[in-house]
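Heads up: the structure comes next, in structure tokens.
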Ligand SMILES: Cc1ncc(COP(=O)(O)O)c(C=O)c1O
């Protein structure tokens with residue numbers, strides 16, 4: 005059994021993927037090209053955004069979003085304590101402070117009350133200038149944007165949606181990647197929409213932001229092209245080959261994969277209700293189920309169950325064992341008295357089970373049986 009079965013997905017989509025790869029090889033057009041353009045248009049249409057700019061990976065997408073926002077020395081960027089380091093890494097690279105906020109105890113996403121506490125603490129101290137909020141749709145579950153967006157507006161902060169884990173998710177009728185001034189996603193192979201290597205994308209509704217983003221992705225190119233450099237940028241682009249692979253995968257995600265993820269999650273929820281804390285998806289939301297995470301009673305029970313799963317050959321992971329504020333690299337970030345109670349609790353008790361659209365019912369039953377046996 006695979007944690008995320010990319011081989012099964014390839015077998016299901018093989019004719020389309022193989023044909024697209026062959027056509028890239030025949031055309032020998034590897035950088036840029038027709039599939040990149042077609043994919044950007046398809047991603048913009050699917051998410052309901054005006055513009056999509058593909059790039060080399062989700063981490064670059066975030067770095068570019070920070071550059072578009074103009075984050076620099078002396079600024080503060082707010083981010084949930086429970087995420088992957090990419091969400092906040094660029095803040096440190098640009099000399100800004102990463103200000104962590106606690107997560108909600110049910111969705112595990114950014115806690116708006118903690119966010120507002122941290123913003124007011126930064127303002128009261130007067131050392132850093134609040135600049136941006138990175139809201140992370142953690143495990144595929146969207147943040148509460150109707151509450152977070154007005155907080156960003158109130159304090160004049162740029163909202164960046166980190167939808168690296170949530171491509172395909174829905175919040176009140178709108179797709180992930182459609183929130184904030186800028187949104188990003190990742191096409192890392194294990195993500196809900198993954199390519200066969202690294203890839204990422206940035207989304208915006210603003211034409212000028214689109215032009216700025218495209219310039220930043222190509223060494224700060226100007227109207228005269230890539231040798232007319234008008235600013236410092238980076239080199240970050242999605243290969244034509246990866247776009248060719250992503251197009252049939254996007255179609256499969258729309259046509260059936262998202263639905264199948266809901267079915268697997270529903271079966272798991274039924275089996276584990278009352279025995280663990282099962283994932284909570286708010287009303288009006290659909291998770292992309294990048295991960296299916298349960299909360300055990302405590303760290304000891306979690307470790308016992310994961311050891312049992314491993315012994316019985318059931319793949320399992322812990323996303324994430326350490327909240328950001330406790331990572332060695334962030335030891336000197338200001339905390340303003342925040343205790344990160346929910347993030348600490350979540351990280352101590354969480355474990356994730358195999359979750360993908362090709363997980364058969366008998367595999368799901370096997371996972372359920374072994375988890376319950378390990379209690
Ligand atoms: C929340 C989050 N943001 C950003 C990233 C970065 O994406 P990539 O691996 O494509 O650089 C990841 C990847 O795991 C992620 O989980």
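Numbering (the working numbering), first residue to last: 5 to 379.
For glycine and all other residues, C-beta sits at the position ideal for the given N, C-alpha and C.
All figures in this text were calculated on a predicted structure; none of them were measured in a lab.
- Checking the 7 Å criterion, the Cβ of residue 61 is within range of a heavy atom belonging to ligand 1.
- Counting the other CB atoms within 10 Å of its CB gives residue 145 a total of 16 or more, which places it among the buried residues.
- Judged by DSSP in its simplified three-state form, residue 113 adopts coil rather than helix or strand.
- Closest by C-alpha distance to residue 301, out of 350, 268, 105, is 350.
- In this structure the region 146–155 does not touch the region 259–269; the number of beta carbon pairs closer than 8 Å is below three.
- With at least 16 other beta carbons inside 10 angstroms of its own, residue 135 counts as buried.
- Distance from the C-beta of residue 177 to the nearest heavy atom of ligand 1 is not below 7 Å.
- In this structure, residue 159 lies near residue 123, with their beta-carbon atoms less than 8 Å apart.
- Relative to the non-hydrogen atoms of ligand 1, the Cβ of residue 168 comes within a distance shorter than 7 Å of at least one.
- In the three-state reduction of the DSSP assignment, residue 63 falls in the helix class.
- Considering only 340, 93, 61, 41, the residue with the shortest C-alpha distance to residue 332 is 93.
- Residue environment: residue 104 is assigned as buried (16 or more neighbouring CB atoms within 10 Å of its CB, all protein chains considered).
- Going by C-alpha positions, residue 163 is about 10 Å away from residue 83.
- Boundaries around residue 297 are those of the beta strand (DSSP E), 296–299, since no alpha helix (DSSP H) includes it.
- Taking C-alpha positions only, residue 78 is separated from residue 208 by approximately 26 Å.
- With a cut-off of 8 Å on Cβ pairs, the region 322–337 is not in contact with the region 358–372, counting fewer than three such pairs.
- Look at residue 145 here: in three-state DSSP terms it is coil, with no helix or strand label.
- Residue 106 and residue 284 do not touch by the CB rule: their CB atoms are close to 16 Å apart, not below 8 Å.
- Shown here, residue 277 sits in a strand according to DSSP, grouped into three states.
- The closest CA to that of residue 339, considering only 80, 232, 97, is found on 80.
- Per the coordinates, the alpha-carbon of residue 275 lies some 12 Å from the alpha-carbon of residue 374.
- DSSP assignment within the region 155–219 yields the following whole beta strand (DSSP E) runs of 3 residues or more, N-terminal first: 162–166, 186–190, 204–208.
- Judged by DSSP secondary structure, residue 366 falls within the alpha helix (DSSP H) whose first and last residues are 365–377.
- About 5 Å separates the Cβ atoms of residue 51 and residue 182, confirming a contact at the 8 Å cut-off.
- By the criterion of at least three beta-carbon pairs nearer than 8 Å, the region 277–296 is in contact with the region 165–179.
- Taking the Cα of residue 282 as reference, the smallest distance to any Cα among 166, 294, 299, 295 is reached at 299.
- By DSSP's assignment, residue 302 forms no beta bridge with any residue.
- By the CB criterion at 8 Å, residue 242 and residue 203 fall inside the cutoff.
- Taking C-beta atoms as the reference points, residue 193 and residue 43 fail to come closer than 8 Å.
- Ligand 1 has a heavy atom closer than 7 Å to the beta-carbon of residue 87.
- The residue among 319, 225, 196 with its C-alpha nearest the C-alpha of residue 258 is 196.
- About 5 Å separates the beta carbon of residue 167 from that of residue 187, a gap short enough to meet the 8 Å contact definition.
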